[in-house]
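2 protein chains.
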Amino acid sequence: MNRKEFRDLASPDEAREAIDSLSLEGGIERVSLEEARGRVLVARLDAELDVPGFDRANMDGYALRARDTFGADEADPARLELVGAVHAGAEPAVALESGEAAEISTGAVMPDGADAMVPVERTDTDGDEVLIRTSVAPGDNVMFAGADVAAGERALGPGTTITPRDIGLLSALGIDEVPVRAKPRVGIVSTGDELVRPGEEVHSDRGEIYDVNSYTIAAGVEDAGGEPVLYPHAGDDQDEMERILREAAEECDLVLSSGSTSASAVDVIYRVIEEQGQLLLHGVSVKPGKPMLIGRLDDSAYVGLPGYPVSAMMVFRAFVAPAVRRAAGLSEPAAATVSGRLARQERYEGGRHRLMPVGLVGSGPSETARNGGGESAEESGDGETLVYPVDKGSGATTSLAHADGVVEVGPETDYLEAGESVTATLFSPDVRPPTLFGVGEDDPTVSRLLDGLENPRYLSVGTRPGLRRLRDGVPDVAVAAGPLERDVEVTELGRWDREWGLVVRAGNPDEIEGLADLVDRDLRFVNRTTDSGLRSSLGGAVAAFADERGTTRHEIVDAIDGFDLGLRAHESPARKVIAGDADAGLGLRETAERLDLGFVPLGEQPVRVLANPDRTEKEGVRELERALEGVSPQ
Amino acid sequence: MNRKEFRDLASPDEAREAIDSLSLEGGIERVSLEEARGRVLVARLDAELDVPGFDRANMDGYALRARDTFGADEADPARLELVGAVHAGAEPAVALESGEAAEISTGAVMPDGADAMVPVERTDTDGDEVLIRTSVAPGDNVMFAGADVAAGERALGPGTTITPRDIGLLSALGIDEVPVRAKPRVGIVSTGDELVRPGEEVHSDRGEIYDVNSYTIAAGVEDAGGEPVLYPHAGDDQDEMERILREAAEECDLVLSSGSTSASAVDVIYRVIEEQGQLLLHGVSVKPGKPMLIGRLDDSAYVGLPGYPVSAMMVFRAFVAPAVRRAAGLSEPAAATVSGRLARQERYEGGRHRLMPVGLVGSGPSETARNGGGESAEESGDGETLVYPVDKGSGATTSLAHADGVVEVGPETDYLEAGESVTATLFSPDVRPPTLFGVGEDDPTVSRLLDGLENPRYLSVGTRPGLRRLRDGVPDVAVAAGPLERDVEVTELGRWDREWGLVVRAGNPDEIEGLADLVDRDLRFVNRTTDSGLRSSLGGAVAAFADERGTTRHEIVDAIDGFDLGLRAHESPARKVIAGDADAGLGLRETAERLDLGFVPLGEQPVRVLANPDRTEKEGVRELERALEGVSPQ
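In order, the protein sequences belong to chains X and Z.
Per our numbering, residue 1 is the first one in the first sequence, and the count goes up by one each step.
Per our numbering, residue 1 is the first one in the second sequence, and the count goes up by one each step.
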């Protein structure tokens with residue numbers, strides 16, 4: 001068995017067949033009517049009684065014999081003797097003879113001898129008599145016993161996913177408990193010494209990270225109609241991992257492992273499968289997802305997911321979720337698809353089937369074209385959709401939160417041209433592509449602005465990459481901080497100024513007053529990356545300071561300890577100061593104040609919100625423009 | 001205030017505005033990550049840490065300084081001294097100098113001094129040295145701290161409905177609890193002495209029926225993202241009803257009442273609203289749904305739904321569910337719509353806006369055309385969809401279980417022609433119109449056959465109405481029992497015989513042997529309606545028996561006590577025998593045996609499955625035909 005290299009990769013279809021060959025079904029359980037919504041019936045339910053169970057008056061009025069009304073009308077009413085009254089929920093105490101009528105209320109039992117009723121609006125009373133001002137036929141305004149559902153009738157078939165409407169039918173039949181498919185229990189075992197559960201403290205210095213897969217996959221299992229069971233972290237302790245795997249296999253219909261990519265973890269999994277199961281397939285020719293395992297562990301099905309969260313989720317969605325849904329008896333949700341143009345060329349290597357997470361952006365004033373979820377392509381007008389790959393690299397945990405769906409690319413395709421027409425399958429029919437897609441500088445004012453918009457997406461890539469992407473035509477807007485390097489063809493929607501400088505310890509105990517302190521004293525500084533508009537403004541300040549001192553920019557930069565330590569995030573330098581790893585960091589006054597730190601101002605810089613000139617009429621852009629009216633340029 | 005007649009009806013738009021003016025929001029609550037799926041975030045969540053929190057190796061291999069690899073290739077590797085190893089989840093114990101490398105595993109912290117890494121596949125070891133057979137640039141195969149999510153970055157905005165992908169982002173940030181909108185609590189108060197909860201015994205003789213609205217509306221509230229609270233039945237006791245209404249108003253964001261249409265219940269509701277609330281609107285110009293009330297009860301919103309289950313659910317869907325969804329922070333689900341031809345003419349009166357529940361049936365071999373739910377209209381080919389109103393009369397509780405969606409018709413429309421193009425909004429995007437639509441005789445063999453089909457709908461309307469509907473062109477197939485009255489242009493898909501006769505008490509204590517006993521002795525008989533094929537066969541037997549006796553059919557029929565007592569359901573006569581209300585009932589041997597009753601055979605009758613000749617190629621019809629091959633004509 002070739003453990004680590006997966007030389008003979010199975011095709012995606014072979015992987016699906018392997019999973020299909022496993023049994024994930026969870027058996028049968030009985031649930032109360034209140035818990036039946038969305039569950040799947042395992043047996044036919046026949047009506048065991050008539051609904052209604054009696055001949056029932058449809059309105060308030062008078063029960064009578066139809067033949068007594070023949071010929072009656074407004075002008076010449078039939079005159080009947082009033083002999084009693086029947087109310088809903090009561091047994092009739094009267095039986096009618098010819099020439100008699102009984103008052104009856106909606107839903108009440110028709111008394112013996114009556115075969116029709118007349119609504120109160122078509123009658124008058126006159127002492128002990130009632131005047132019937134219309135004629136009716138036998139059965140008029142009466143619902144006969146069994147007319148709604150008849151005893152013995154097939155009510156709901158096996159395989160029915162129970163809707164509120166079906167619950168209406170079940171209630172009418174008096175059924176308060178139904179046999180449904182048990183949700184397949186899916187055990188989730190995550191391994192790896194470096195994983196920490198959310199809510200606990202993470203020690204980045206020793207490479208700890210939060211466990212992303214467990215909770216994400218658990219939510220995916222629920223989405224697919226399964227019941228997730230999270231097992232405690234196994235770490236990389238082999239005995240412990242083996243114990244947990246065996247426990248999960250005993251308790252669940254399917255065991256998913258993910259997390260550690262360490263050789264020892266993989267070894268344990270292989271060993272346990274060899275001893276107590278069967279490995280059907282290892283390695284699938286799909287990207288992401290190559291290192292997938294499919295097999296059996298005791299009586300449980302087993303799938304080993306890749307360790308990287310994006311890969312794990314893509315593989316789960318493509319291969320595991322459909323099997324869980326099938327086991328749960330749910331039909332595959334109708335996939336909602338969106339067609340659009342690919343925003344940039346994509347090259348592929350290795351001849352593997354690709355599952356490419358993508359974001360969507362409408363390129364015009366109209367709605368995004370979509371099939372599924374109700375808007376037809378015809379309604380969408382000419383606002384073409386751009387489809388852009390969302391990829392932060394293989395270690396990324398969060399790319400999918402910024403994606404809308406998946407484009408699948410066959411192994412025979414080496415590259416896709418920019419502008420090529422592609423079809424994306426939305427992650428679910430509920431997915432709403434963003435109303436506004438922005439990129440650029442991270443800025444607190446921008447964050448607040450976005451909070452007021454309908455459904456914005458914003459990627460904090462920094463000023464320079466933001467402007468580059470805006471020029472490439474993908475986002476609707478870019479936010480740029482600091483001096484603009486050169487003219488770009490954009491429409492400025494709004495601007496304001498922000499104060500930047502050095503974020504220092506609370507109270508500024510080092511008495512830092514400006515750049516001179518960083519250059520002349522033994523202070524540790526933390527910078528931002530060159531992508532950041534703050535870094536550009538700092539560059540300007542350094543150049544001015546060098547002029548002032550009559551030296552070169554290079555000399556100054558070399559003298560600042562940490563000038564090359566560029567962090568991507570606008571808060572990260574401040575957090576280094578809090579952690580005691582630095583004495584000063586490049587940052588904003590607003591950040592310093594929010595984190596209760598000291599601040600040494602170095603200047604102000606403009607923040608500009610710039611739109612793609614072709615998209616200024618797009619509704620999301622106009623919404624942003626209106627929101628910007630509330631931001632005063634300081 | 002005009003209480004019962006609703007003379008000044010509000011328009012549907014006015015009703016929506018009235019509901020919109022009420023506040024149904026349920027406040028804020030904090031839920032754990034495991035319970036966050038599908039909930040709606042109330043505040044922006046910013047990243048409070050970098051993800052990853054350190055510069056991280058993307059693969060197994062060697063950490064090094066990129067400049068040490070410049071110029072290296074397969075033939076001329078760079079030779080670096082191996083000075084240590086770093087594993088995932090451990091703090092590096094080494095720092096690299098120029099010319100040095102450290103073994104590093106995927107996910108481990110890059111050691112100080114290293115700025116890139118080379119995957120193990122491009123290296124060899126040679127004693128204490130490692131041979132690097134490729135050159136890399138600074139940053140290659142490394143994910144820098146914050147590259148995935150940067151501290152301070154806007155992670156998720158307010159109003160986000162949390163998906164599994166968002167849970168991935170939240171986990172990565174270590175967030176284990178999120179502030180979400182509380183689900184609006186919706187109290188459901190059902191009133192009426194005649195209502196019995198499912199699971200309890202219903203007394204039909206005093207007009208009791210099962211409470212359909214409570215459970216159906218509760219399921220609808222859940223579907224809309226609310227939390228239903230069922231209150232105990234109030235009956236028609238005014239004090240009790242008032243107490244429950246006030247309790248519900250205190251505990252819930254919205255109170256819905258439904259059920260009793262009795263004047264006293266309505267009086268209590270009016271009084272409580274007058275004393276402690278405000279009535280905004282009573283009576284809406286919509287059918288069904290006229291008697292709707294909208295107002296306030298203390299601090300709670302209040303909507304009074306019509307008593308009839310179908311009306312209650314239609315009004316709930318049209319007016320209340322959208323408000324609950326809005327209060328829950330959920331966006332309106334994209335409505336899936338289906339266009340088709342109306343199967344029969346529909347006339348309207350009264351100038352009210354109509355909400356018409358409809359069923360859908362594909363009239364050709366292809367799939368039903370639909371927008372929404374993924375199949376585009378283009379894929380649907382020429383299989384036109386027929387749209388037929390589903391209506392069992394105003395007292396019906398179960399019509400909606402046999403409907404797929406709603407056609408709305410404006411008040412200005414007096415009638416719709418058969419064949420007119422209409423658009424139905426599916427009850428939900430998940431709704432799958434049936435693969436086969438059958439009507440006709442109720443028969444146990446038919447029920448079993450249907451169990452094996454993909455998604456059948458069958459209405460047990462009896463043989464005669466079934467054939468009539470088949471001729472009118474709506475259903476795909478009709479099931480006819482007994483002699484066929486005349487030739488109809490149909491395709492027979494299959495047939496079998498069934499034994500019919502008299503269902504009698506177990507052991508046949510009355511020693512009934514045939515029709516003669518019913519005619520000559522004092523026995524109570526229960527018949528089926530003339531819609532039933534069984535009734536036709538009985539008619540034939542009665543005629544033959546009259547011939548035998550040399551008398552008229554009329555004489556025989558008059559001599560049988562209960563011959564005119566026709567019940568709709570095939571099991572109902574048998575159930576009358578069980579209940580002691582009859583000595584013999586018309587029925588099937590199979591029914592008698594299943595219910596452990598005695599049986600007196602009177603004959604055999606053919607059961608035929610007949611298809612619309614234009615639909616024999618439809619997949620659902622072919623599936624039925626294949627299933628029929630397993631049914632041997634006895």
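Think of the CB as a built atom: it goes at the ideal place given N, C-alpha and C, for glycine as much as any other residue.
query: In this structure, does DSSP put residue 273 of chain Z in helix, strand or coil?
result: Residue 273 of chain Z: helix per DSSP, three-state reduction.
message: Can you pull the chain X neighbours of residue 572 of chain Z, defined as C-beta to C-beta under 8 Å?
response: Near residue 572 of chain Z (Cβ distances below 8 Å), the residues of chain X are 50, 145, 146, 150, 151, 152.
- prompt: Apart from the five residues on each side of it in sequence, which residues of its chain come closer than 8 Å, Cβ to Cβ, to residue 583 of chain Z?
  reply: Around residue 583 of chain Z: 504, 505, 510, 512, 523, 524, 525, 577.
field: Rounded straight-line distance, which links the Cα of residue 338 of chain X to that of residue 277 of chain X
entry: Here the C-alpha atom of residue 277 of chain X lies approximately 42 Å from the C-alpha atom of residue 338 of chain X.
message: Since residue 601 of chain Z and residue 494 of chain Z should fall inside the 8 Å C-beta cutoff, what is the C-beta to C-beta distance between them, to a whole number of angstroms?
response: Wrong, their Cβ atoms sit about 23 Å apart, outside the cutoff.
- request: Check whether the Cβ of residue 367 of chain X lies closer than 8 Å to any Cβ atom in chain Z.
  value: The predicted model places residue 367 of chain X with a pLDDT of 48, which falls under 50 and marks its position as unreliable; any figure quoted below should be read in that light. By this cut-off, residue 367 of chain X is not an interface position.
task: Keeping to the same chain, check which residues put their C-beta closer than 8 Å to that of residue 415 of chain X; ignore five residues upstream and five downstream.
output: Apart from sequence neighbours up to five positions away, the residues of its chain that approach residue 415 of chain X with a beta-carbon distance below 8 Å are 345, 346, 347, 348, ordered along the chain.
Rounded separation between residue 209 of chain Z and residue 460 of chain Z - CA only: Taking the straight line from one Cα to the other gives about 21 Å.
- prompt: residue 362 of chain X and residue 383 of chain X look like a contact to me (Cβ under 8 Å); what is the Cβ gap, rounded to whole Å?
  reply: Contact holds; Cβ gap of about 5 Å.
task: Go through its chain and collect everything with a Cβ distance to residue 26 of chain X's Cβ below 7 Å, but skip five positions before and after it.
output: The beta carbon of residue 26 of chain X sits closer than 7 Å to those of 181, 182, 183, 184, 185, 253, 327, all from its chain and outside the five residues before and after it, given in chain order.
- request: Could you tell me whether the Cβ of residue 157 of chain X comes closer than 8 Å to any Cβ of chain Z?
  value: Yes - at least one Cβ of chain Z is within 8 Å of the one on residue 157 of chain X.
- prompt: residue 8 of chain Z to residue 72 of chain X, Cα distance in whole Å?
  reply: Their Cα atoms are separated by approximately 31 Å.
- request: Go through the stretch 170-205 of chain Z residue by residue and report every complete run of the beta strand (DSSP E) that reaches 3 residues or more, in order.
  value: As far as the stretch 170-205 of chain Z is concerned, its whole beta strand (DSSP E) runs of at least 3 residues are 177-181, 185-191.
message: Taking 7 Å as the limit between beta carbons, can you name the residues of its chain near residue 80 of chain Z, skipping five residues before and five after?
response: 64, 68, 99, 100, 101, 129, 130, 132.
query: Of all Cβ atoms in chain Z, is any one closer than 8 Å to the Cβ of residue 229 of chain X?
result: No, no contact with chain Z.
- prompt: What beta strand (DSSP E) runs, 3 residues minimum, are completely inside the stretch 19-61 of chain Z?
  reply: Whole beta strand (DSSP E) segments, 3+ residues: 28-32.
message: Can you look up residue 143 of chain X in the DSSP assignment and give me helix, strand or coil?
response: In the structure shown, residue 143 of chain X sits in a strand (DSSP, three-state: E or B).
task: Report yes or no: do the stretch 16-35 of chain Z and the stretch 402-413 of chain X share at least 3 C-beta pairs separated by less than 8 Å?
output: Flag = no, the stretch 16-35 of chain Z and the stretch 402-413 of chain X do not touch.
- prompt: Is the CB-CB distance between residue 205 of chain X and residue 235 of chain X below 8 Å?
  reply: Against a cut-off of 8 Å, the Cβ pair of residue 235 of chain X and residue 205 of chain X comes out as no contact.
task: Apply the 10 Å Cβ neighbour rule to residue 433 of chain X and answer buried if 16 or more other Cβ atoms are within range, or exposed otherwise.
output: Classification of residue 433 of chain X: buried, given that the 10 Å Cβ count is 16 or more.
message: Taking only three categories from DSSP, how would you classify residue 278 of chain Z?
response: Strand, per DSSP.
query: In three-state terms, what does DSSP make of residue 17 of chain Z?
result: DSSP, read as helix, strand or coil, puts residue 17 of chain Z in helix.
message: Within the continuous beta strand (DSSP E) that includes residue 238 of chain Z, where are the two ends?
response: Element bounds for residue 238 of chain Z: not the beta strand (DSSP E) but the alpha helix (DSSP H), 238-251.
- request: Could you name the residues of chain A that residue 190 of chain X contacts, counting a contact when the two beta carbons are closer than 9 Å?
  value: In the structure shown, chain A cannot be found, because the protein chains are X and Z.
Per-residue contacts from residue 163 of chain Z into chain X (C-beta, under 9 Å): Residue 163 of chain Z reaches chain X at 219, 223, 400, 401, 427, 428, 430, 431, counting residues in chain order whose Cβ is nearer than 9 Å.
message: Below 8 Å on the Cβ atoms is my contact criterion, and I expect residue 439 of chain X with residue 475 of chain X to pass it. Report the Cβ-Cβ distance as a whole number of Å.
response: Rounded to the nearest angstrom, the Cβ distance from residue 439 of chain X to residue 475 of chain X is 5 Å, consistent with a contact under 8 Å.
- request: Starting from the Cα of residue 350 of chain Z, find the closest Cα among Z/318, Z/334, Z/288 and give me that residue.
  value: The shortest Cα separation from residue 350 of chain Z among Z/318, Z/334, Z/288 belongs to Z/288.
- request: Report the rounded CA-to-CA distance for residue 274 of chain Z versus residue 281 of chain Z, giving the unit in angstroms.
  value: Taking the Cα positions, residue 274 of chain Z is about 13 Å away from residue 281 of chain Z.
field: Among X/595, X/498, X/473, X/477, the one whose alpha carbon lies nearest that of residue 721 of chain X
entry: In this structure chain X extends from 1 to 634, so residue 721 of chain X is not present and cannot be described.
Contact set for residue 112 of chain X: own chain, Cβ-Cβ below 6 Å, skip 5 residues either direction: Within the same chain, Cβ atoms closer than 6 Å to the Cβ of residue 112 of chain X are found at 95, the five residues on either side in sequence being excluded.
- prompt: What did DSSP end up calling residue 223 of chain X once you bin it into helix, strand or coil?
  reply: For residue 223 of chain X, the three-state secondary structure derived from DSSP is helix.
message: Within 8 Å of any Cβ in chain X, is that where the Cβ of residue 563 of chain Z sits?
response: Not closer than 8 Å to any Cβ of chain X, the Cβ of residue 563 of chain Z fails to qualify, so no.
- prompt: In the structure shown, what three-state DSSP assignment does residue 292 of chain X receive?
  reply: In this structure, residue 292 of chain X counts as coil in the three-state DSSP scheme.
query: Just the Cα atoms here: how many angstroms apart are residue 376 of chain X and residue 341 of chain X?
result: Only weak support exists for where residue 376 of chain X lies, its pLDDT of 38 falling under 50; the coordinates are left without a value.
- prompt: Looking at the C-beta of residue 118 of chain X, does it have a partner C-beta in chain Z at a distance below 8 Å?
  reply: Not one chain Z Cβ lies under 8 Å of residue 118 of chain X.
The alpha helix (DSSP H) enclosing residue 77 of chain X, as first and last residue numbers: No residue range can be given for residue 77 of chain X, since it is assigned to no alpha helix (DSSP H) and is classified by DSSP as neither H nor E.
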